[in-house]
Amino acid sequence: MDSSNPHQKLEELKQAYPDKFASENRIFKHIRRGDRIFISTGCGHPQYLVLALVNYLTSHPGELFDAEVFQMWSLGMAPYAHPKFKHHFRHNSFFIGDTTREAVNQGLADYTPIFLSQTPNLFYRKLVPIEVALIQTSLPDEHGYMSLGVSVDITKAAIENAPLVIAQVNAAMPRVHGDGFIHIEDVDYLIPYDEPLLEYSAEVDDEEVVAQIGKYTSRLIQDGDTLQIGYGSTPNAILPYLKDKKHLGVHTELLTDGLVDLMRIDVIDNSQKTANRGRTVATFCMGSQATYQYIHDNPAIEFRTADYTNNPLVIARHDHMVAINSALEIDLTGQVTAETIGRTFFRGIGGHADFMRGAILARYGKTIITVPSTAQGDTISRIVPFLSEGAGVTLNRGDIHYVVTEYGIAYLHGKSLRERAMELIAIAHPKFRPWLIEEAKKRNLIYQDQAFIPGEKGEYPAELETYRTTKTGLEIFLRPAKISDEPLLKEFFYTCSDESLYRRFMSMQKGVSHERLQKFAVVDYTQNMNILAVLKDGEEKEEVVGLGQYTIDETTHTADIAFAVCDEYQGQGIGSELIKYLTRLAKKQGLLGFTADVLFDNVSMLRVFEKQGFEMKKQFDSGVYRLTMMFRDTKNGR
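Taken in order, the sequence shown gives residues 106 to 743; the numbers are from my numbering.
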């Protein structure tokens, strides 16, 4: 990464600090039996240094026994976790990666569950004493300072607490602003060796699924928000869908290619942050060589120690903080595991809880879980009645505001268990929804008579969602009613006056029962269409101000139509927009027209229908107009 002559610098260092340069055999002799050895994190893994230690052990098998290797996360080779070294090394990780997962689950390596924010404190308080730190640094500058580059996290704390610090000095390591500088005096031995840093790219199993999750998640991100993007393919794959946002900020643990891409095009400029304004703050980086080049000596980027970046109180200083993380499994009450699959340890706690809880404490903060609805080729639902036996609860029911799958957005914050269950069932994979409904009934999470339309007939048509502006300039969101809308519909009907309800139902309504509400919320979209006119306050607050619906009569190939608008918003053109949109949908289904029953004194509803340009016929009987409204064939001028 350094453009000057690295060999010249190293020669100067050898002359200035001869005691810090020695043969590898001599250096490794200082590691004693039973020592606790720390190794740098992720892409900061000192590959050559670790390999040299293993080679030393191979040639000196009697030199080292019962050493314990601590690491936040191993991305590179982890030979110390191999069974053949079980008498020499015992690996202990604060997070589980691909290279150590099998060893941990076979009992050949250890996992220490802990919040990332609290990990440095283990070293400072000597709860986990570190005797040796194997690290990787950039070349020293003219003042003798070296950068920890892509791995500051808990590495800085290990260095400050280890009596023996051995550094692989690598010209490929970027110099990154922030807390990651150490002086050559802080290091006992230097082993110069240049090699490319490890790279990381999160593989996406299903690009279409992730694309849809990205589109939904982008709705939740507002201009000026500060983001944390967690580990995993799904959170990072949503980033391309944020390219139309402005003035985003970043306060995160992990800096990725996707975040850097948004920095390159000035979507992320950190100009609105309420802490560390103007700077992207992270604690470590995993990505491509291009990303490492970008962060090198970039004053817009700071890497801070994990006890700063992940401190929930520091996170909470950021107004409009948005924490976006992933899950392995989420149950119908909102509990999440991101670390285990049943009894199998898969990942770790990491920074999930740090950022989710910090974001909740932040002014206007929000938390988002992004998760594909299924796993293993659509054979397993990630939304489940209850977490699998043995699963660790990484996030509790109060930690989550939103859950996003490829089927939509569920808002859980402040919702009852019944409401949460219905919200999550609505975004589960359609083939698992009947099972989830029945399991929820068994656990008394939802009504025992909860209706449900299985298969494609009941699959929510998200493509029908649209925005409209009424004649008075009111922006309304038109969308189909869905199975989780019962509370919204209940509020809507109770905001309508008795007169409005009478005009809609042609009878007095003393109450709106659960049984009646189900008829509006549980829809066979092939035979009926219920469209809600919604006022939105972000994505967390929706108010239904109008309802339009039709039911198909297959004998005439027409549909019976009706609509209602709450009293406060009548006369603003909401009814007209509902009728126009329902007409468009009916024509797409090949229907020929509408029928409707309207009370003789419901002048406003009659006027709305008359303005649509239908071929209308009226029949009057017992105070009710029976309307037949056929669509005009515009091609023939009819």
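Think of the CB as a built atom: it goes at the ideal place given N, C-alpha and C, for glycine as much as any other residue.
Shown here, residue 574 sits in a strand according to DSSP, grouped into three states. Annotation: residue 625 to residue 653 spans about 10 Å, alpha carbon to alpha carbon. For residue 226, the enclosing alpha helix (DSSP H) starts and ends at 224-229.
Annotation for residue 242: the continuous beta strand (DSSP E) segment containing it runs 237-242. Taking every protein chain shown into account, the CB of residue 561 has fewer than 16 other CB atoms within 10 angstroms, so this residue is exposed. Here residue 636 is near residue 690, since their CB atoms are less than 9 Å apart.
Contact between residue 530 and residue 499 does not hold, since the beta-carbon distance rounds to 22 Å and is not under 8 Å. Membership of residue 252 in the beta strand (DSSP E) is indicated by the continuous run 250-252. Closest in alpha carbon position to residue 248, among 236, 290 and 229, is 290. In the three-state reduction of the DSSP assignment, residue 304 falls in the coil class, being assigned neither a helical nor a strand state.
Annotated three-state conformation of residue 297 is strand, per DSSP.
Sixteen is the threshold: since fewer than 16 other Cβ atoms of the shown chains lie within 10 Å of the Cβ of residue 547, the residue is exposed. Annotated as distal: residue 553 and residue 527, with beta-carbon spacing of 9 Å or more. Within the DSSP secondary-structure output, residue 486 pairs in a beta bridge with 479.
Going by beta carbons, residue 224 and residue 275 fall outside the 9 Å limit.
In this structure, the alpha-carbon of residue 523 lies about 5 Å from that of residue 550. Ranking 568, 504, 569 and 587 by CA distance to the CA of residue 533 puts 587 first.
Contact check for residue 257 and residue 410: beta-carbon distance about 6 Å, within the 8 Å limit, so the pair qualifies.
Residue pairing for residue 633: DSSP places it in a beta bridge opposite 656. Within the stretch 505-536, the complete beta strand (DSSP E) runs of at least 3 residues fall at 507-510 and 513-516. Here the alpha carbon of residue 504 sits roughly 7 Å from the alpha carbon of residue 472. Look at residue 619 here: in three-state DSSP terms it is helix. The alpha carbon of residue 220 has as its nearest neighbour, out of 140, 310, 157 and 462, the alpha carbon of 462. Taking 9 Å as the cut-off, the beta carbon of residue 705 is found no closer than this to the beta carbon of residue 734. Under the DSSP assignment, residue 316 falls in the alpha helix (DSSP H) whose first and last residues are 312-325. In the three-state reduction of the DSSP assignment, residue 264 falls in the helix class, which pools H, G and I.
For residue 461, the secondary structure class from DSSP, reduced to helix, strand or coil, is helix. Straight across, the Cα-Cα distance linking residue 540 with residue 366 is about 41 Å. Per DSSP, the continuous beta strand (DSSP E) segment holding residue 730 begins and ends at 729-735.
In the three-state DSSP reduction, residue 200 falls in the coil class, being neither helix nor strand.
Contact check for residue 517 against residue 509 fails: the beta carbons are separated by 9 Å or more. Per DSSP, reduced to three states, the secondary structure at residue 256 is strand. In the structure shown, residue 698 falls within a strand segment according to DSSP collapsed to helix, strand and coil. When the beta-carbon positions are compared, residue 425 and residue 349 stay at least 9 Å from each other. Taking a C-beta distance under 9 Å as the contact criterion, residue 372 and residue 353 qualify as a contact pair. Under the 10 Å beta carbon count, residue 436 is surrounded by 16 or more other beta carbons and is classified as buried.
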